[in-house]
Amino acid sequence: MLQKVVQRLYGNLSTLKGRKDNGYRVGGLKWKAPQEYRSVKYSQTGFELKNTSGCTVLSLSKIGDIPLVYHRDVPDDATVKEVVVKQEPTGEWFAVLGIETENDAPSKPDTLEKCVGIDVGILKYAHDTDVTAVERPDLSDERDRLEREHRKLSRKQHGSANYRKQQRVVAKRHADLQRKRRDFLHKLSNHYAREYDLVAVEDLDAKGLMELPSNSRNRAGAAWGTFLRMVEYKCEREGTHFVAVDPAGTTKECSACGVSTDKPLWVREHSCPSCGFTADRDWNAAYNILVRGLKQVGTGCPESTSSESKDSDGLRKSADDFRTPAETALPMGTNSVPAKRVVETGSPTLKERTAQAVSEYGGKEVTAGSVSSADQWVCTFHRRQENNNP
Numbered sequence: 001m002l003q004k005v006v007q008r009l010y011g012n013l014s015t016l017k018g019r020k021d022n023g024y025r026v027g028g029l030k031w032k033a034p035q036e037y038r039s040v041k042y043s044q045t046g047f048e049l050k051n052t053s054g055c056t057v058l059s060l061s062k063i064g065d066i067p068l069v070y071h072r073d074v075p076d077d078a079t080v081k082e083v084v085v086k087q088e089p090t091g092e093w094f095a096v097l098g099i100e101t102e103n104d105a106p107s108k109p110d111t112l113e114k115c116v117g118i119d120v121g122i123l124k125y126a127h128d129t130d131v132t133a134v135e136r137p138d139l140s141d142e143r144d145r146l147e148r149e150h151r152k153l154s155r156k157q158h159g160s161a162n163y164r165k166q167q168r169v170v171a172k173r174h175a176d177l178q179r180k181r182r183d184f185l186h187k188l189s190n191h192y193a194r195e196y197d198l199v200a201v202e203d204l205d206a207k208g209l210m211e212l213p214s215n216s217r218n219r220a221g222a223a224w225g226t227f228l229r230m231v232e233y234k235c236e237r238e239g240t241h242f243v244a245v246d247p248a249g250t251t252k253e254c255s256a257c258g259v260s261t262d263k264p265l266w267v268r269e270h271s272c273p274s275c276g277f278t279a280d281r282d283w284n285a286a287y288n289i290l291v292r293g294l295k296q297v298g299t300g301c302p303e304s305t306s307s308e309s310k311d312s313d314g315l316r317k318s319a320d321d322f323r324t325p326a327e328t329a330l331p332m333g334t335n336s337v338p339a340k341r342v343v344e345t346g347s348p349t350l351k352e353r354t355a356q357a358v359s360e361y362g363g364k365e366v367t368a369g370s371v372s373s374a375d376q377w378v379c380t381f382h383r384r385q386e387n388n389n390p
């Protein structure tokens, strides 16, 4: 154990020296209280996974055998390269296994059949070109509980036993909030990475957005940077094209004619003064993101969303057919998916909403797509006009 601590200290000093030699201004190492040191790393040696009695055990040198409960099983062809044993502020212990596998990532498709552009926001967490708006998760109850526990902590004497006990309670409330948010983000990002051949998003500067003077709490709670990183690495894992485009002008630019129009944040509908095209503000941005992403990949739009090979009238007609549910303001038409449906298993209202959509739109085609795996519960309703006939 002491050897691992010395190795970490030496590694930190070497890193600081290297940065100083390269001209960076660096400070010294900061002292860390013993109770703040909660992790130890084993690289290559000093650990072994055993499963002799039907129970998986992690054997650590100088410590002994520790029973494990797997979050998910280690692949049969995987080689465990390192183990990090850490204690969370909540008091829970975790063993993080770093593995190496021989499985290569699947190849990305040459022909793009299903493509999607995603515009993230605050009022609606995600709005995509499939005319689906995903509600942001409601974490207000978790925030209220966290604030109550913080007030209790402020009344304790610093350093006392009750103070340390309340610190654990506050840490648990933080963990509840973080886990629910990450659960939502994992399931939503899994859906996009597995259901599409190409995913286009904005290359957002999440840190810069946090420094803006207003609404920073909602931006921090949205965790856009975490979501986009999840989508990126999961697209790589699933063999899906991932494109991050320049976000400048995606909201202002008209997806039908390309003319930019300034609009304040409270205006939720895009209405082009040049060509008269109207659509939901976020859908218009998502469509522009998709078109820019397809240009970066070097291919045209898929048939259902093509705008490259059509004249102005043809583009308008194609876009109008595709955006019908979002023709007016968001609450009036867009197929809004509650965050609860993304998080909960097997929403009981799926059949009811499908029947309601069929009865509402009559003879128009209505398709309901649900994702049944444990990682994905995002339900998408598409409605398209055929030959402009009711």
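Using UniProt numbering, the letters of the sequence shown map in sequence onto residues 1 to 390.
Idealized CB from N, CA, C, for every residue including glycine.
Exposure label - W224; buried when at least 16 CB within 10 Å: On the sequence shown, residue 224 is found 224 positions in, with the first residue counted as 1. It counts as buried.
N-terminal and C-terminal residue of the alpha helix (DSSP H) that V74 is part of: Here residue 74 is taken as the residue at index 74 of the sequence shown, counted from 1. Counting along the chain, V74 falls outside any alpha helix (DSSP H), and DSSP gives it neither H nor E.
8 Å Cβ cutoff met for E149 and V169: Here residue 149 corresponds to residue number 149 of the sequence shown, with the count starting at 1. Here residue 169 corresponds to residue number 169 of the sequence shown, with the count starting at 1. Yes, Cβ-Cβ distance for E149 and V169 is below 8 Å.
Counted within 10 angstroms of its Cβ, other Cβ atoms place V259 as buried (16 or more) or exposed: For this step, residue 259 is matched to residue 259 along the sequence shown. V259 is exposed by the Cβ-count criterion.
CA nearest to the CA of Q167, picked from R179, K30, D119, K152: What you label residue 167 is simply residue 167 of the sequence shown in a count that begins at 1. Per the Cα distances, K152.
Element boundaries [beta strand (DSSP E), containing residue 410]: The structure shown does not extend to residue 410, since the chain is modelled only from 1 through 390, so no value can be given for it.
Sequence-distant residues of the same chain with beta carbon closer than 7 Å to D203, five excluded per side: Looking up residue 203 in the sequence shown gives position 203. The beta carbon of D203 sits closer than 7 Å to those of A244, V245, D246, P247, all from its chain and outside the five residues before and after it, given in chain order.
Span separating the alpha-carbon of S307 from that of L209: On the sequence shown, position 307 is the one that residue 307 refers to. On the sequence shown, position 209 is the one that residue 209 refers to. A caution first: S307 carries a pLDDT of 37, below 50, which makes its placement in the model too unreliable to give a value.
Closer than 8 Å to chain D by CB, R182: This model lacks chain D altogether, as it is built from one protein chain only.
Every unbroken beta strand (DSSP E) within the UniProt domain "Cas12f1-like TNB" (224-289), with a cutoff of 3 residues, ordered by chain: Taking only runs of at least 3 residues, the beta strand (DSSP E) segments lying wholly in the UniProt domain "Cas12f1-like TNB" (224-289) are 241-245, 269-271, 278-280.
Cross-strand partners of Y163 (DSSP beta bridge): Stepping through the sequence shown from its first residue, residue 163 is reached at position 163. In the DSSP secondary-structure assignment, Y163 is not bridged to any residue.
DSSP-derived helix/strand/coil call for P67: Walking along the sequence shown from the start, residue 67 turns up at place 67. Three-state DSSP puts P67 in a strand.
Proximity of V83 and Y42 at Cβ, strictly below 8 Å: By 1-based counting over the sequence shown, the position of residue 83 is 83. By 1-based counting over the sequence shown, the position of residue 42 is 42. A contact, by the Cβ cut-off of 8 Å.
Beta-bridge partners of residue 395, as assigned by DSSP: The question about residue 395 has no answer here: the residues shown for the chain are numbered 1 through 390.
Distance between W283 and C254 (C-alpha atoms, nearest Å): Residue mapping note: residue 254 aligns to position 254 of the sequence shown, counting from 1. Residue mapping note: residue 283 aligns to position 283 of the sequence shown, counting from 1. CA-to-CA, the gap between C254 and W283 works out to about 11 Å.
Length-filtered (3 minimum) beta strand (DSSP E) runs lying within the UniProt domain "Probable transposase IS891/IS1136/IS1341" (101-211): Correct list: 115-120, 126-128, 132-134, 198-202.
Start-to-end residues for the beta strand (DSSP E) that takes in Y42: On the sequence shown, residue 42 is found 42 positions in, with the first residue counted as 1. It spans 39-43 - the beta strand (DSSP E) in which Y42 sits, taken as one unbroken run.
Buried or exposed by the 16-neighbour rule on C-beta atoms within 10 Å, applied to T129: Against the sequence shown, residue 129 aligns to sequence position 129. That one is buried.
Local conformation of G46 per DSSP, three classes: Numbered from 1 along the sequence shown, position 46 holds the residue referred to as residue 46. It is coil, neither helix nor strand.
Cα-Cα separation, G117 to D110: Translated into the one-based positions of the sequence shown, residue 117 becomes position 117. Translated into the one-based positions of the sequence shown, residue 110 becomes position 110. Cα-Cα distance, rounded: 18 Å.
For V291 and T240, believed in contact at Cβ under 8 Å, the rounded distance: For the purposes of this step, residue 240 is taken as residue 240 along the sequence shown, with counting starting at 1. For the purposes of this step, residue 291 is taken as residue 291 along the sequence shown, with counting starting at 1. Not confirmed; about 18 Å, so no contact.
Distance between F94 and Q87 (C-alpha atoms, nearest Å): Position 87 of the sequence shown, counted from the first residue, corresponds to residue 87. Position 94 of the sequence shown, counted from the first residue, corresponds to residue 94. A direct Cα-to-Cα measurement between Q87 and F94 gives close to 6 Å.
Stretch pair the segment 180-194 + the segment 212-228: three plus CB contacts closer than 8 Å: The segment 180-194 vs the segment 212-228: in contact.
Segment contact flag, the segment 266-273 with the segment 97-112, C-beta cutoff 8 Å, min 3 pairs: Counting Cβ pairs under 8 Å, fewer than three are found: no touch.
Beta-ladder partner(s) of T52, from DSSP: In the sequence shown, counting from the first residue as 1, residue 52 sits at position 52. In DSSP, T52 forms no bridge with anything.
For R281 and P264, the rounded distance between their alpha carbons: Along the sequence shown, one-based indexing puts residue 264 at 264. Along the sequence shown, one-based indexing puts residue 281 at 281. Distance between the alpha carbons of P264 and R281: 11 Å.
Residue burial classification, D138 (beta-carbon count within 10 angstroms, cutoff 16): Looking up residue 138 in the sequence shown gives position 138. Answer is exposed; the Cβ neighbour count stays below 16.
CB of Y192 within 8 Å of CB of V231, strictly: What you label residue 192 is simply residue 192 of the sequence shown in a count that begins at 1. What you label residue 231 is simply residue 231 of the sequence shown in a count that begins at 1. Inclusion of Y192 and V231 in the CB contact set at 8 Å is warranted, their separation being smaller than that value.
Paired residues, beta bridge with A95 - DSSP: By 1-based counting over the sequence shown, the position of residue 95 is 95. Its beta-bridge partners are V85.
Limits of the alpha helix (DSSP H) - the one that S14 falls within: As a working mapping, residue 14 is identified with position 14 in the sequence shown. If you look at S14, you'll find it in the alpha helix (DSSP H) that goes 2-21.
Neighbourhood of A78 by C-beta, 6 Å cutoff - its chain only, sequence neighbours within 5 removed: Counting from one through the sequence shown, the residue named residue 78 turns up at place 78. I99, T101, listed in sequence order.
Option in G121, T90, K114 with minimal Cα separation from S216: If you number the sequence shown from 1, residue 216 lands on position 216. Comparing alpha-carbon positions, the option among G121, T90, K114 lying closest to S216 turns out to be G121.
Pairwise C-alpha distance: K17 and Y125: Within the sequence shown, numbered from 1, the residue matching residue 125 stands at position 125. Within the sequence shown, numbered from 1, the residue matching residue 17 stands at position 17. Taking the straight line from one Cα to the other gives about 43 Å.
Residues sharing a beta bridge with S214, DSSP: Counted from its first residue, the sequence shown places residue 214 at position 214. Note: S214 is not bridge-paired with any residue in the DSSP secondary-structure output.
Counted within 10 angstroms of its Cβ, other Cβ atoms place residue 405 as buried (16 or more) or exposed: No statement about residue 405 is possible, as the shown extent of the chain runs from 1 to 390 and does not include it.
S59 - containing beta strand (DSSP E), residue span: Here residue 59 is taken as the residue at index 59 of the sequence shown, counted from 1. Boundaries of the beta strand (DSSP E) harbouring S59: 57-60, taken from the DSSP string.
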